[in-house]
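*Asks:* So the sequences go chain by chain: A and B.
Counting from 1 along the first sequence, just add 284 to a position and that's the residue number in the working numbering.
Counting from 1 along the second sequence, just add 284 to a position and that's the residue number in the working numbering.
Supplied in structure tokens, the structure appears directly below.
2 protein chains.
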Amino acid sequence: MSEDPLKIGIAGLGTVGAATLHYLINENTRIAARAGRALTVDAIVARDRTKDRGVDTSGLRWFDDPVALAADPGIDVFVELIGGADGVAKATVEAALAAGKPVVTANKALLAHHGAALAELAERTPGASLHYEAAVAGGIPAVKALREGMAGNGITRVSGILNGTCNYILTEMETTGAAFGDVLLDAQKLGYAEADPTADVGGFDAAHKLAIMAAIAFGRQMDFAGVQIEGIDSVSAEDIVAARDMGYRIRLLGVAERTAQGVAQRLRPCMTPADSALGKIIGVTNAVMLEGDAIGATILTGPGAGGGPTASAVLADIVDVARGNTPPTFGIAAADLAPIAKGGADIPDEGAFYLRVMLKDRPGTLAEVATALGQSGVSIHRMRQHDHEGDAAPVTIVTHRCDLADITAAKERIVALTVCTEPPVSMRIVES
Amino acid sequence: MSEDPLKIGIAGLGTVGAATLHYLINENTRIAARAGRALTVDAIVARDRTKDRGVDTSGLRWFDDPVALAADPGIDVFVELIGGADGVAKATVEAALAAGKPVVTANKALLAHHGAALAELAERTPGASLHYEAAVAGGIPAVKALREGMAGNGITRVSGILNGTCNYILTEMETTGAAFGDVLLDAQKLGYAEADPTADVGGFDAAHKLAIMAAIAFGRQMDFAGVQIEGIDSVSAEDIVAARDMGYRIRLLGVAERTAQGVAQRLRPCMTPADSALGKIIGVTNAVMLEGDAIGATILTGPGAGGGPTASAVLADIVDVARGNTPPTFGIAAADLAPIAKGGADIPDEGAFYLRVMLKDRPGTLAEVATALGQSGVSIHRMRQHDHEGDAAPVTIVTHRCDLADITAAKERIVALTVCTEPPVSMRIVES
């Protein structure tokens, strides 16, 4: 074992930072054995110096300025756990990389928005490297599995359940029959959802992770702007019930896949068979499905958030740094990453779709809807009209394979018929 | 990218070798980009030079002697795909390591039987390293996830479904109700089981993988002899049905866990809840569950065998070698691996158990069995007597938590009662 300890600087001592500090200090011998050299936490920075974090921080150098810590010559590796796509977090990571240091971060927003520039900076600066296992699916070693474990594969598709808060809410809606808003309120009370839930329920957090995985999987520049994002706030209790009736579950799925027209990146609620790999994922658990030409498919599941699991990923990156395992940020040289193709949103979105139409209760309306579907090129695989008490009869339809453009056209035709009490709802069906 | 190509020598061109060769030759550019340097297959050895493997091997150096290839100064990394715990495979790996070369192997038997000595040889020889992702769970990056991705964790338990043939047979028995022998015959006809199925159905193949994972997880010397092994050949159609009735499935589980008395390694058929992570695994799929103090649990599933998936793991190791990612064989320095503790088999085996008793159809027998259980310290959680046509009434029991020793004592008492038409059957219940 090298006599020279790896000196670690940590910026941000929230839940993840405190957990990371705990393991690095209280389990130091164990982690050093795995790292092949002594490790020491040398310097830290956090807003509150007096807070009890359950760890003795008295011997550490405290900084007031995170950027000064990041560039400090006394530290060998910089751990960024401040968060946020811009501002201080970005400044610290840039400073550390520019100073030729390896950086470990859990910051998915930073990676998704500035990953390309940071990867280039890391690559042109001797000694610098960028590690972000904790940014994707928390404790699940998804980045390592994709970037290293599947390095021999031509990746065809990366998909998954990438936000535990959303999966918890959808699972609760299934179990209780409650509406989205009520379940969200409960989730906030239980600490499973933030006071401002937009990043989670709006799909942005999961979209960050999808964009990061897509960059690695397809060897292309980060294209967060190219992710089509739809959150779960519009998922209704009616659609949850309809999904169950047809053997499906609604899941917020991220899917990045190679098509003849380019790489599609879509993050949205989908219906998936209840007994499929992703349909079976319950509660706050995350799941990542990696598909490649050699392996077929492998699926990784586990805790996608929380102090311990996220610290587990941060520690793995620190051990990699200690061992000198510093692959290019997105798996191949930054200069070789394929440029972002225009028009990702125009890639055909083909598959089966779910459609729910609330019909006015008068003769002939169903026939009119069926005709509108046919005129739009949408062929019906299954159709059900449900019992109803009010003045609208819910009709649920599963289509044969078609394109989203056909579904959109069909919905417009149906609205124009004025046979519905509310606009039709559609959702992509994904056989995960 | 380095101008100097990494020259690869491959010994053994069966299914996995041919698939590895295919990707290295036909997808060379893609893999070289991931590896960060040019890769070239330089030399090969196989029993049959004339066989069509779907790849142009005309430009390669053919060797007659695998050991000569392994030590040849012209190759930079040696890939061993011959197989077998001893003989030629072992000689080649030793020769390559002694010559200071990185070795990539899919040989779980070799690792399980000689891992300790090989790890020491790799570590004391400059330039040598030993890579074996393909030896555990085929394409699933289980070794990488455990050795690197969970490097910060104190591992508490490693478990899984580690043999696809056995899981296929158990799943078929569930689906069809057929007996073990009949399903095995079908599996052999379909190519899912070998002509000599002992390594698979006897549990030895899975036990090799469990021993390898336990060495990494617990930082101890390989202890294959310490694995308690029981195959699936004694699993009866009656127990499959009884499991289903109680909400369980029978799975061949490998479990290595840290206990107060030492590390227990057990590979045997268990009952596990049908909706648990491992109970849900169907068919030839493998699953690996890794539990640690920071992460909680993460589960990896995927194809555990086959040319493509296993080649995927071999290629990942080759890319690691190309990038210089060569951690110690079992995650920490070989000299620091804990010695094998004596008496692993004496570690208490505590949990709930399933018990099936075939009672003679006469009054009072059930009371006698219940009394025998009580006398043995076994407390009943659930009991069911089933419909029966013959002269024996099947009684199935789920116990409260007790030790295997109590179950063994209870079975002896029950046999002595002479109230049964056949010896009682027991199986550990694992809440996976």
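Every residue gets a Cβ at the ideal spot worked out from N, C-alpha and C, and that includes glycine.
Please read all numbers here as calculations on a predicted model, not as lab measurements.
1) Quick one: Cα of K385/B to Cα of V603/B, how far?
2) I'd like the span of the alpha helix (DSSP H) that includes K644/A, first residue to last.
3) Give the C-beta separation of E514/B and G538/B to the nearest angstrom, bearing in mind that I take them to be a contact with Cβ-Cβ under 8 angstroms.
4) Can you tell me whether H306/A is helix, strand or coil according to DSSP?
5) I need the straight-line Cα distance from G296/B to D349/B, nearest angstrom please.
6) Quick check: is the beta carbon of G608/A nearer than 8 angstroms to any beta carbon in chain B?
7) Please look up how many angstroms separate the CB atoms of R535/B and G567/B, rounded, as I've assumed it's under 8 angstroms.
8) In the DSSP assignment, find the unbroken beta strand (DSSP E) run with R542/A in it and report its ends.
9) From A352/A to G436/B, what does the alpha carbon distance come to, in whole angstroms?
10) Can you give me the C-alpha to C-alpha distance between V467/B and Q545/A, rounded to a whole angstrom?
11) Hey, out of I453/A, V714/A, Y307/A, M497/A, whose CA is closest to T569/A's CA?
12) Return the bridge partner residues of Q505/A from the DSSP annotation.
13) Measuring alpha carbon to alpha carbon, tell me which residue in V547/A, E673/A, T705/A is nearest M642/A.
14) So is T313/B in contact with chain A if we call contact Cβ pairs under 8 angstroms?
15) Relative to the C-alpha of V605/B, which candidate in N310/B, R318/B, L305/B has its C-alpha closest?
16) Compare the beta carbon distance of G320/A and V363/A with 8 angstroms and say whether it is the shorter of the two.
17) Between the Cα of E404/B and those of R504/B, G343/B, E541/B, D489/B, spot the shortest distance and give me the residue it belongs to.
18) Would you call the segment 456-465 of chain B in contact with the segment 585-596 of chain B, where contact means no fewer than 3 C-beta pairs closer than 8 angstroms?
19) Show which residues of chain B have a CB atom less than 9 angstroms away from the CB atom of N451/A.
20) Look at L574/A and A429/A and say whether their C-beta atoms are less than 8 angstroms apart.
21) What does D687/B pair with, by DSSP beta-bridge criteria?
22) Classify H684/A: buried if its beta carbon has 16 or more other beta carbons within 10 angstroms, exposed otherwise.
23) Name the chain A residues whose beta carbon is nearer than 7 angstroms to that of R318/B?
24) Look at I359/A and D332/A and say whether their C-beta atoms are less than 8 angstroms apart.
25) Does R646/B pass the burial test, meaning 16 or more other C-beta atoms within 10 Å, or should it be called exposed?
26) What does the alpha-carbon distance come out to for the pair V653/B and D559/A?
27) How long is the line joining the alpha carbons of A578/B and G423/A, rounded to whole angstroms?
28) Distance check for D529/A and A499/B, CA to CA, integer angstroms please.
29) Leaving aside the five residues before and after I565/B along the sequence, list all residues of the same chain whose C-beta is less than 6 angstroms from its C-beta, in chain order.
30) Answer yes or no: do L414/A and T613/A have a C-beta to C-beta separation smaller than 8 angstroms?
31) Kindly give me the distance between the Cβ atoms of A656/A and I698/A, rounded to whole angstroms, as I take these residues to be in contact under 8 angstroms.
32) Relative to the alpha-carbon of D480/B, which residue among K493/B, M506/B, T449/B has its alpha-carbon at the smallest distance?
33) Using a Cβ-Cβ cut-off of less than 9 angstroms, give me the residues of the segment 572-585 of chain A that come near chain B, in sequence order.
*Replies:* In terms of the structure at hand:
1) Cα-Cα distance, rounded: 15 angstroms.
2) It is not in any alpha helix (DSSP H) - K644/A instead sits in the beta strand (DSSP E) that spans 634-644.
3) Incorrect: roughly 11 angstroms between the Cβ atoms, too far for contact.
4) Three-state result, H306/A: helix.
5) Rounded to whole angstroms, G296/B to D349/B spans 11 angstroms at the Cα level.
6) Yes, contact with chain B.
7) Taking the Cβ atoms as the reference, R535/B lies roughly 12 angstroms from G567/B, outside the contact range of under 8 angstroms.
8) Per DSSP, R542/A is one residue of the beta strand (DSSP E) stretching across 532-543.
9) Those two C-alpha atoms are separated by around 27 angstroms.
10) In this structure, the alpha-carbon of V467/B lies about 45 angstroms from that of Q545/A.
11) Per the C-alpha coordinates, the member of I453/A, V714/A, Y307/A, M497/A positioned closest to T569/A is I453/A.
12) Q505/A has no beta-bridge partner at all, per DSSP.
13) With distances taken between CA atoms, M642/A lies nearest to T705/A out of V547/A, E673/A, T705/A.
14) Not flagged as an interface residue toward chain A: T313/B, since no C-beta distance is shorter than 8 angstroms.
15) Nearest option by C-alpha distance: R318/B.
16) Taking 8 angstroms as the Cβ cut-off, G320/A and V363/A do not qualify as a contacting pair.
17) Its Cα nearest to that of E404/B, the residue R504/B stands out among R504/B, G343/B, E541/B, D489/B.
18) Segments in contact, no.
19) In chain order: nothing, as chain B lies at least about 15 angstroms away.
20) Closer than 8 angstroms, so yes.
21) As a beta-bridge residue in DSSP terms, D687/B pairs with E634/B.
22) H684/A is exposed by the Cβ-count criterion.
23) Per Cβ cutoff of 7 angstroms: A435, G615, I616.
24) No, the pair does not count as a contact, with Cβ atoms beyond the cut-off.
25) Sixteen is the threshold: since fewer than 16 other Cβ atoms of the shown chains lie within 10 Å of the Cβ of R646/B, the residue is exposed.
26) Cα to Cα, the separation comes out at about 40 angstroms.
27) In this structure, the CA atom of A578/B is about 8 angstroms from the CA atom of G423/A.
28) Looking at the two C-alpha atoms, the distance is approximately 47 angstroms.
29) Counting only Cβ-Cβ distances below 6 angstroms, and skipping sequence neighbours, we find I445, A571.
30) With respect to T613/A, L414/A sits close: the two C-beta atoms are nearer than 8 angstroms.
31) Contact holds; Cβ gap of about 5 angstroms.
32) The residue with the shortest Cα to Cα distance from D480/B is T449/B.
33) Result list: L574, G576, D577, A578, I579, G580, A581, T582, I583, L584, T585.
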